[in-house]
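Chains as they are written, first to last, in my numbering: chain A, 6 to 304; chain B, 0 to 279.
Where a beta carbon is used, it is the ideal one built from N, C-alpha and C, also for glycine.
Treat the numbers as computed from the prediction; the structure is a model and nothing was measured.
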Amino acid sequence: MNKPTRETPRSFRSARPYLLLLPAFLCLAAFTYWPMLQVLLASLTDKKRVGDIGAFAGAENYVRIFQDAHFLGALANNVLYAAGTVMPSVLFGFLFALALRETTNLSAVLRSILFFPTLVPLVGAAAIFIFVFMPDIGLLDYYLAKLGISATNWLGNPDLALVSLMALTTWKNAGYYMLFFLAGLQAVPQDAEEAAKIEGANWLQRLYFVIIPMLGPTFAFVLVIALISAVSQIDHVIVMTDGGPNNSTNLLLYYIYQQAHEFYDLGKATAATVVTLIALLTLSFLSLRTVERKVHYET
Amino acid sequence: MKPDLKKWATPGALLAAAMCAVVFLWSTPFLWMLIASFRPDPGGGLGMASLVPDFVPTLQSYRYAIEDGYWPLWFLNSTILVTGTLVVQLVTISLAGYAFARITFPGKEAIFYIFLLQLMLAPPVLIVPNLTTLVHLGLYDSLIGVMAPYWGSAFGTFLMRQTFRTIPKDFEEAAIIDGASWWQVLRHVLIPLSLPGLTAFSIVSVVYHWNEFLWPLMVINDPDKMVLTVGLVSFAQGAEGASDWGLIAAGTLFIMAPLFIAFTAFQRQFVNSFMSSGVK
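Here it is, written out as structure tokens:
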């Protein structure tokens, strides 16, 4: 079958798959695996700058970040921010997909509009939402005033700034997640729903007992990508709030960025990176496991 | 004749009406941006937020936006960045995808899992060590440095592996019997049949890198190498100081325009490719 038609040395042929994988692997190794190792090692030394040798410092950097109120604040903010963006954006994505499940001319247009925010760069959306959240004259306050709600300083109030960023992220991502649910819904077999209907299940029961369990893998997948985005996207923090007011919108990656770029504290930056990576990996695995345990796979 | 209300107020029609209202709310930031960019007095005032276009539209904001930013340079740099990233990615993911899809070799499964791990990690989290690597490689402050970390894509490798696997082996076998080498098989049989997969990956990659901000911000110092997102932020911060919202709206529309035009033209491909992706 796979008889070589040209004379290829045997040793080269057996090396071929590795040579084919090499370019991709080299890039992944250089910019994912090697930096992971590097950041782990650097977090255990007292080097202050790139290029220093640094002496072994044990857990000192970890002790320092866990005594740093700004780091603890960023960690707490990120947990809140993740909960406050993942849940609403996944829920909206799911509800939009349910409502626009049937393809008609109208639903095609509505789906496209909901998908638009996915194409906007986060910095562009942030620039626009600075105006949306402007006190008094901004889009939100202007129309809330017509409903008799008085002016609110959305981004200037430490209690509201993070919530405002959550709203922006939900607006930007829900349409993206909708796509996955639309695809998932297409895979739900019609006869399962029909059978439930004949058995007398109302729409809520059909949703809860038929549709949601069958969408389990979709939920797991969307949850994980939403979680990754809640940790790795901070463009809007840089553009809109710089972590403020009063550190209320400081997120983990922003903290890392600040430590590395503004304060040149490599120890804190690397230790915070390791903590963030561990949290991200653990949460990804946990959400995959939990959702999968609740799912009933049957094909 | 009197319209029969009962006939019209079906659950389906009510749902459609409710969804139209929700989607309208969702689209208000865009609507506002469009309207604000055509306002004759874009400097603010109480009526700035109004979604009612009660004025004679002018292109003034667009004119000022063009004058205020280095758009041709930023567009050029973003185009170089996106193209340079994609071209190398297409080569590496095709080769690796082919190895995973068609060749059996010792250690295949282990290597596959090593690739898989990368999907769980968000590259932006590794900005600190990756910047160090770039400095060591002498790639700091270069567009190549912005591209390099994305040249190997685990996601792209999986996508190509899946795509190659859906192609029946008969085609290749026929080509091999005719004396084709593995390279000719890949180049003339598999790649042409994998265009949907390659297109999907290209769209996702272009959208991601066109819109990326933090990484180019950290790598590039030289204003001559600035990309659109970084340029937009410096531009918008200037305009925000002057609270010229029309200017910000116009600038943001510039950076969005290429992707929106492409999306409207190739809607189906866009939607399909985003569904087959997810990782980015």
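Output needed for residue 175 (chain A): all residues of its chain with C-beta closer than 7 Å, excluding positions within five of it in sequence on either side, in chain order.
Along the first sequence, one-based indexing puts residue 175 (chain A) at 170. Once the five neighbours on either side are set aside, the close Cβ partners of residue 175 (chain A) are 90, 93, 94, 97.
List the residues of chain B whose Cβ lies closer than 7 Å to the Cβ of residue 129 (chain A), in chain order.
Taking the first residue of the first sequence as 1, we reach residue 129 (chain A) at position 124. Going along chain B in sequence order, the residues near residue 129 (chain A) (Cβ under 7 Å) are 231, 251, 254, 255.
What residues of chain B sit near residue 321 (chain A), judged by a beta carbon separation below 7 Å?
Any question about residue 321 (chain A) goes unanswered here, given that chain A covers just 6 to 304.
Once DSSP output is grouped into helix, strand and coil, what is the label at residue 91 (chain B)?
Reading the second sequence from its first residue, position 92 is the one you call residue 91 (chain B). Looking at residue 91 (chain B) - three-state DSSP - the assignment turns out to be helix.
Can you list, in chain order, the residues of its chain whose CB lies under 6 Å from that of residue 200 (chain B), leaving out five sequence neighbours each side?
Taking the second sequence and counting its residues from 1, one reaches residue 200 (chain B) at position 201. 155, 158.
CB contact check: residue 59 (chain B) to chain A, cutoff 7 Å:
One-based indexing of the second sequence puts residue 59 (chain B) at position 60. By this cut-off, residue 59 (chain B) is not an interface position.
Whole-number beta carbon distance between residue 219 (chain A) and residue 193 (chain A), since they are thought to touch under 8 Å:
On the first sequence, position 188 is the one that residue 193 (chain A) refers to. On the first sequence, position 214 is the one that residue 219 (chain A) refers to. 5 Å between Cβ atoms; contact.
Using only alpha-carbon positions, find the residue among A:213, A:112, A:70 that is nearest to residue 19 (chain B).
On the second sequence, position 20 is the one that residue 19 (chain B) refers to. Nearest option by C-alpha distance: A:112.
Across the segment 190 to 205 of chain A and the segment 276 to 286 of chain A, are there enough close Cβ pairs to call them in contact, namely three or more that are closer than 8 Å?
no
Below 8 Å, can you find three or more Cβ-Cβ pairs linking the segment 14 to 34 of chain A to the segment 93 to 109 of chain B?
yes
Should the segment 261 to 270 of chain A be called in touch with the segment 33 to 44 of chain A, which here means at least 3 C-beta pairs below 8 Å?
no
Residues in its own chain within less than 8 Å of residue 140 (chain A) by CB, not counting five upstream and five downstream?
Sequence index remark: in the first sequence, residue 140 (chain A) carries index 135 (1-based). If we look at residue 140 (chain A) and ignore the five residues flanking it on each side, its Cβ neighbours are 146, 156, 157, 158, 159, 161.
Please tell me whether residue 40 (chain A) and residue 39 (chain B) are closer than 7 Å, where the distance is taken between their beta carbons.
The residue given as residue 40 (chain A) occupies position 35 in the first sequence. The residue given as residue 39 (chain B) occupies position 40 in the second sequence. Taking 7 Å as the Cβ cut-off, residue 40 (chain A) and residue 39 (chain B) do not qualify as a contacting pair.
Starting from the beta carbon of residue 258 (chain B), find every residue of chain A whose beta carbon is closer than 7 Å, and list them in chain order.
Your numbering for residue 258 (chain B) matches position 259 in the second sequence. What residue 258 (chain B) touches in chain A: 124.
Residue 279 (chain B) burial status per 10 Å Cβ neighbour count (16 or more: buried):
Here residue 279 (chain B) corresponds to residue number 280 of the second sequence, with the count starting at 1. For residue 279 (chain B), the predicted model reports a pLDDT of 34, less than 50, meaning its position is unreliable; a value from the coordinates is still stated below. Buried, by the Cβ-count rule.
Tell me whether residue 89 (chain A) counts as near the ligand SAM, meaning its Cβ is closer than 6 Å to at least one heavy atom of that ligand.
Absent from the structure shown: the ligand SAM. Ligands present: none.
Say whether chain A places a C-beta atom closer than 7 Å to the C-beta of residue 240 (chain B).
As a first step, residue 240 (chain B) must be located in the second sequence, where it is residue number 241. Cβ-Cβ to chain A under 7 Å: no for residue 240 (chain B).
Going along the chain, which residues of the segment 210 to 231 of chain A sit with their C-beta nearer than 9 Å to a C-beta in chain B?
226, 227, 229, 230
By the 10 Å Cβ neighbour count, where 16 or more other Cβ atoms means buried, how is residue 53 (chain A) classified, buried or exposed?
Walking along the first sequence from the start, residue 53 (chain A) turns up at place 48. Under this definition residue 53 (chain A) is an exposed residue.
According to DSSP, is residue 115 (chain A) helix, strand or coil?
As a first step, residue 115 (chain A) is located in the first sequence; it is residue number 110 there, counting from the start. In the structure shown, residue 115 (chain A) sits in a helix (DSSP, three-state: H, G or I).
Would a check of beta-carbon distances place residue 182 (chain B) closer than 7 Å to chain A?
Taking the second sequence and counting its residues from 1, the one referred to as residue 182 (chain B) is at position 183. It does not: the Cβ of residue 182 (chain B) has no partner Cβ on chain A nearer than 7 Å.
Do you know offhand how far residue 255 (chain A)'s Cα is from residue 249 (chain A)'s?
The residue given as residue 255 (chain A) occupies position 250 in the first sequence. The residue given as residue 249 (chain A) occupies position 244 in the first sequence. Roughly 7 Å separates the two Cα atoms.
Should residue 253 (chain A) and residue 163 (chain A) be called a contact, given that it needs their Cβ atoms to be closer than 7 Å?
Position 248 of the first sequence, counting from 1, holds the residue named residue 253 (chain A). Position 158 of the first sequence, counting from 1, holds the residue named residue 163 (chain A). Yes, Cβ-Cβ distance for residue 253 (chain A) and residue 163 (chain A) is below 7 Å.
Using alpha carbons as the reference points, say which of A:109, A:151, A:232 lies closest to residue 287 (chain A).
The residue given as residue 287 (chain A) occupies position 282 in the first sequence. With distances taken between Cα atoms, residue 287 (chain A) lies closest to A:232.
Comparing alpha-carbon positions, which option in A:83, A:273, A:278 lies nearest residue 62 (chain A)?
Counting from 1 along the first sequence, the entry for residue 62 (chain A) is found at position 57. Ranking A:83, A:273, A:278 by Cα distance to residue 62 (chain A) puts A:273 first.
Can you give me the start and stop residues for the alpha helix (DSSP H) that residue 168 (chain B) sits inside?
Reading the second sequence from its first residue, position 169 is the one you call residue 168 (chain B). Where residue 168 (chain B) is concerned, the enclosing alpha helix (DSSP H) stretches over 168 to 176.
Which of helix, strand or coil does DSSP assign to residue 132 (chain B)?
Reading the second sequence from its first residue, position 133 is the one you call residue 132 (chain B). Here residue 132 (chain B) sits in helix by DSSP.
Kindly list the residues whose CB is nearer than 7 Å to the CB of residue 57 (chain B), restricted to its own chain and excluding five residues on each side of it in sequence; keep chain order.
Within the second sequence, residue 57 (chain B) is the residue found at index 58, counting from 1. Excluding positions up to five away in sequence, the list reads 37, 39.
At a CB-CB cut-off below 9 Å, which residues of chain B make contact with residue 143 (chain A)?
By 1-based counting over the first sequence, the position of residue 143 (chain A) is 138. What residue 143 (chain A) touches in chain B: 47, 48.
Examine chain A for any beta-carbon lying closer than 7 Å to the beta-carbon of residue 28 (chain B), and answer yes or no.
Here residue 28 (chain B) corresponds to residue number 29 of the second sequence, with the count starting at 1. Judged by the 7 Å Cβ criterion, residue 28 (chain B) is in contact with chain A.
Whether residue 35 (chain B) touches residue 144 (chain A) by CB criterion (7 Å)
Sequence index remark: in the second sequence, residue 35 (chain B) carries index 36 (1-based). Sequence index remark: in the first sequence, residue 144 (chain A) carries index 139 (1-based). No.
Proximity winner among A:205, A:167, A:295, A:47, relative to residue 276 (chain A) (alpha-carbon distances)
Position 271 of the first sequence, counted from the first residue, corresponds to residue 276 (chain A). The residue with the shortest Cα to Cα distance from residue 276 (chain A) is A:47.
Start-to-end residues for the alpha helix (DSSP H) that takes in residue 196 (chain B)
Translated into positions along the second sequence, residue 196 (chain B) becomes position 197. Its alpha helix (DSSP H) spans residues 194 to 210.
Within the same chain, show all residues whose beta-carbon is closer than 6 Å to that of residue 151 (chain B), passing over the 5 residues directly before and after it, in chain order.
Counting from 1 along the second sequence, the entry for residue 151 (chain B) is found at position 152. Correct list, in chain order: 91.
Measure the alpha-carbon distance for residue 180 (chain B) versus residue 249 (chain B) and round it to whole angstroms.
If you number the second sequence from 1, residue 180 (chain B) lands on position 181. If you number the second sequence from 1, residue 249 (chain B) lands on position 250. Taking the straight line from one Cα to the other gives about 53 Å.
Contact check, residue 219 (chain B) vs residue 232 (chain B) under 8 Å by CB: the rounded distance?
Counted from its first residue, the second sequence places residue 219 (chain B) at position 220. Counted from its first residue, the second sequence places residue 232 (chain B) at position 233. So it is not a contact: roughly 12 Å between Cβ atoms.
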